[in-house]
Amino acid sequence: MADRYANFANSGLGRTVVKRLGLPDPPRLRRHRAGDPLVTGPVLLGATPGGRLAEPIRKLLETAGVEVTAEGVRVSALVFDATGIVDSTQLRALYDFFHPYARALETSGRVIVLGTPPEATASPKEAIAQRSLEGLTRSIGKEFGRGTTAQLVYVAPGGESGVESTLRFLLSGRSAYVSGQVIRIGAGPVSAPADWERPLDGKLALVTGAARGIGAAIARVLARDGAEVIALDVPAAGDALAGVANETRGRALQLDLTAESAAERLAGYLAAGPHAAVDIIVHNAGITRDKTIARMTEDRWDSVIGVNLTAPERVNDLLLERDLIPSGGRIVGVASIAGIAGNRGQTNYATSKAGVIGQVQAYAPLLAGRGITINAVAPGFIETAMTAKMPVGLREAGRRLNSMSQGGLPVDVAETIAWFASPGSAAVTGNVVRVCGQSLLGA
Ligand SMILES: NC(=O)c1ccc[n+]([C@@H]2O[C@H](COP(=O)([O-])OP(=O)(O)OC[C@H]3O[C@@H](n4cnc5c(N)ncnc54)[C@H](O)[C@@H]3O)[C@@H](O)[C@H]2O)c1
1 MADRYANFAN SGLGRTVVKR LGLPDPPRLR RHRAGDPLVT GPVLLGATPG
51 GRLAEPIRKL LETAGVEVTA EGVRVSALVF DATGIVDSTQ LRALYDFFHP
101 YARALETSGR VIVLGTPPEA TASPKEAIAQ RSLEGLTRSI GKEFGRGTTA
151 QLVYVAPGGE SGVESTLRFL LSGRSAYVSG QVIRIGAGPV SAPADWERPL
201 DGKLALVTGA ARGIGAAIAR VLARDGAEVI ALDVPAAGDA LAGVANETRG
251 RALQLDLTAE SAAERLAGYL AAGPHAAVDI IVHNAGITRD KTIARMTEDR
301 WDSVIGVNLT APERVNDLLL ERDLIPSGGR IVGVASIAGI AGNRGQTNYA
351 TSKAGVIGQV QAYAPLLAGR GITINAVAPG FIETAMTAKM PVGLREAGRR
401 LNSMSQGGLP VDVAETIAWF ASPGSAAVTG NVVRVCGQSL LGA
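Residue numbering for the sequence shown follows UniProt numbering, beginning at 1 and increasing consecutively.
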């Protein structure tokens with residue numbers, strides 16, 4: 001559904017009215033298009049003495065063709081290695097870096113602060129200082145505006161080789177609607193994909209709920225990145241599903257995931273296929289059946305928990321039990337900010353989506369030994385058929401109450417999932433990343 005207000009605010013007259021009245025000002029976000037460079041200008045890289053990431057990052061950016069500078073008048077990104085900060089007195093280095101250069105950042109600029117996970121630091125003082133970084137990045141996300149995104153990336157000691165896929169995602173237009181996030185990268189060696197434009201070449205991906213909306217966008221983006229995609233949806237969505245499968249040169253699989261035999265049928269289908277396995281599985285199928293709990297019927301509760309939480313659980317259990325997800329495998333859940341913040345009229349939905357976050361937390365350590373990652377996205381307000389049905393007041397609030405003053409697009413969720421799915425993201429596991437334009441809900 002068209003965001004008429006955003007279109008107006010970006011028109012000649014609209015710009016004047018919005019400025020005069022101090023109304024929300026939704027900028028046009030920089031989104032990735034084929035052939036785009038990683039960034040639109042030089043990257044300003046700063047560090048505190050003793051930082052362990054600035055040098056590897058300088059090298060990888062220069063290898064990627066990015067101009068790295070130590071000072072600048074117009075820059076596309078401010079990247080700061082804060083791993084050298086070991087107590088609160090040294091936090092001043094953040095002010096010294098961001099104060100002079102805050103105004104040097106272009107529209108849709110990027111702010112990335114790199115730190116050490118507080119739990120992996122050498123002392124309580126270092127843990128406190130590293131934890132402080134979160135307040136800085138979240139505030140910059142709210143302060144800079146004009147489509148700027150700001151993130152904190154905690155890199156475990158020994159995780160230096162795993163940073164590139166995350167850095168590329170966050171610097172590029174692929175992360176247009178991701179801001180105010182804390183991302184964790186684990187230790188261990190990671191090899192880069194042969195081609196960053198087609199990192200999923202040779203991989204087989206399954207996307208549930210792929211006939212429309214966010215699921216169709218995920219199928220398209222994974223196919224663009226080189227994966228062969230199996231698009232799954234209910235038989236009633238068969239025509240639309242076939243359309244997505246044709247467009248992505250993939251396969252369509254009609255299956256109701258709540259059927260008793262669904263996991264068994266899916267496992268049989270995958271085992272009989274040419275790969276006899278699936279590398280990437282994206283549990284996107286989801287439904288809402290909103291009512292306050294006092295008015296909610298049993299079937300509204302059961303169907304939402306069944307589709308959103310129990311179905312992915314059953315599928316994961318069986319595919320893992322039968323070794324149908326090999327080492328290097330990726331499991332991605334689709335949660336929601338309602339699962340973080342809760343939402344009036346959505347006890348069933350929020351319960352199911354909090355459960356998706358629970359799956360990530362429970363399974364990430366268990367799957368690490370098998371070389372499989374599990375992460376989830378938590379979308380905020382995304383422009384789809386689901387949100388088009390919302391009452392107008394709620395819809396407008398959803399669109400404006402975030403740092404971007406607009407809703408996200410399905411492609412924004414899909415790009416985030418593609419980053420999780422990349423072979424370069426082998427050290428990214430156990431993360432729940434909100435794709436919400438830094439929504440004020442539950443932040
Ligand atoms: N749109 C948003 O703003 C938003 C926000 C947060 C989270 N999400 C989540 O993102 C996901 C996709 O949302 P969307 O807006 O694209 O929804 P949508 O309703 O447009 O698409 C969901 C798809 O899932 C399929 N599906 C439903 N039940 C199924 C079943 N039993 N078996 C197989 N397929 C089934 C549907 O047929 C549909 O094609 C959902 O998990 C949703 O909860 C959406």
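From the three backbone atoms N, C-alpha and C, an ideal C-beta is built for every residue, glycine too. No experiment lies behind these values; they were computed from the predicted model shown.
| Check | Outcome |
| --- | --- |
| To which residues of the same chain is V244 closer than 7 Å at the C-beta, ignoring the five residues directly before and after it? | A210, A211, A216, A219, A231 |
| Which runs of the alpha helix (DSSP H), 4 residues or longer, sit entirely within the segment 247 to 294? | 262 to 272 |
| Compute every distance between the C-beta of L257 and the non-hydrogen atoms of ligand 1, then say whether any falls below 6 Å. | yes |
| Given the structure, does D87 come close to ligand 1, in the sense that its CB is under 6 Å from one of the ligand's heavy atoms? | no |
| Can you round the beta-carbon distance between R370 and S336 to whole angstroms, since I take them to be within the 8 Å contact cut? | R370 to S336, Cβ: 27 Å. No contact. |
| Can you have a look at R344 and say buried or exposed, based on whether 16 or more other CB atoms are within 10 angstroms of its CB? | exposed |
| To the nearest whole angstrom, what separates the beta carbons of M386 and G213, a pair I think is in contact under 8 Å? | 7 Å |
| Quick check on residue 446: buried or exposed, where buried means 16 or more other Cβ atoms within 10 Å of its Cβ? | Past the edges of the chain, shown from 1 to 443, lies residue 446, and the structure says nothing about it. |
| Is there at least one non-hydrogen atom of ligand 1 closer than 6 Å to the beta-carbon of M404? | no |
| Is R212 near ligand 1, with its Cβ less than 6 Å from a heavy atom? | yes |
| In the DSSP assignment, find the beta strand (DSSP E) that holds E166 and state where it starts and stops. | Correcting the residue identity first, residue 166 is Thr in this sequence and not Glu. Per DSSP, T166 belongs to no beta strand (DSSP E); it is in the alpha helix (DSSP H), 164 to 171. |
| At 3 residues or longer, what runs of the beta strand (DSSP E) sit wholly inside the segment 23 to 68? | 43 to 47 |
| By Cβ distance, which residues of its chain are closer than 7 Å to L241, with the 5 residues on each side in sequence left out? | A210, A211, A231, D233, A252, Q254 |
| Relative to the C-alpha of A104, which candidate in Q90, P118, S76 has its C-alpha closest? | S76 |
| Give me, in chain order, the residues of the same chain whose beta-carbon lies closer than 6 Å to that of H275; leave out the 5 immediate sequence neighbours on both sides. | L204 |
| In chain order, which beta strand (DSSP E) runs of at least 3 residues are fully inside the segment 312 to 352? | 330 to 334 |
| With respect to 6 Å, is the separation between the Cβ of T384 and the closest non-hydrogen atom of ligand 1 below this value? | yes |
| Rank N308, G145, A277 by C-alpha distance to the C-alpha of M404 and give the top, closest one. | G145 |
| With a 10 Å radius around its C-beta and 16 neighbouring C-beta atoms as the bar for buried, classify Y154 as buried or exposed. | buried |
| Would you call I382 buried or exposed, if buried means 16 or more other Cβ atoms sit within 10 Å of its Cβ? | buried |
| Assuming contact is defined by CB atoms lying nearer than 7 Å, are R52 and T89 in contact in what I supplied? | no |
| Is it true that the CB of A223 sits closer than 7 Å to the CB of T248? | yes |
| Taking all protein chains shown into account, do 16 or more other C-beta atoms lie within 10 angstroms of the C-beta of P410, making it buried, or fewer, making it exposed? | buried |
| Rounded to the nearest angstrom, what separates G333 and L13 at their Cα positions? | 42 Å |
| So the candidates are I340, A397, G329; which of them puts its Cα closest to the Cα of T429? | G329 |
| Would the C-beta of A219 count as close to ligand 1, meaning under 6 Å from any of its heavy atoms? | no |
| For the beta strand (DSSP E) containing Y154, list its first residue and its last residue. | 149 to 155 |
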